[in-house]
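Pasting the structure below:
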């Protein structure tokens, strides 16, 4: 089970990426504030009807970074 706070650190194309996710209260979606070192913060959420992860409009990280964060969240939710 995922706690409300999760640190992460991994490499994407040889570049180290670290930060944390913080689950925030949202009555409609499973939502996380994401803080990535060296980037602006952004939100991601699981859209329940489609079971698809979505991110804030102005998320400015490479798609590989976003994919790793989502996979990391998914793997820690089921653990």
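Residue numbers (our numbering): 305 to 383.
Cβ coordinates follow ideal geometry from the N, Cα and C atoms, glycine included.
Identified DSSP bridge partners for residue 367: Looking at the DSSP assignment, residue 367 forms no beta bridge with any residue, so it has no partner.
Taking only the alpha-carbon atoms, compute the straight-line gap between residue 319 and residue 341 and give it to the nearest angstrom. 12 Å
Just to confirm, are residue 348 and residue 377 a CB contact at a threshold of 9 Å? yes
Note down the Cα distance separating residue 357 from residue 346, rounded to an integer number of angstroms. 13 Å
N- and C-terminal bounds of the beta strand (DSSP E) containing residue 359: 356-359
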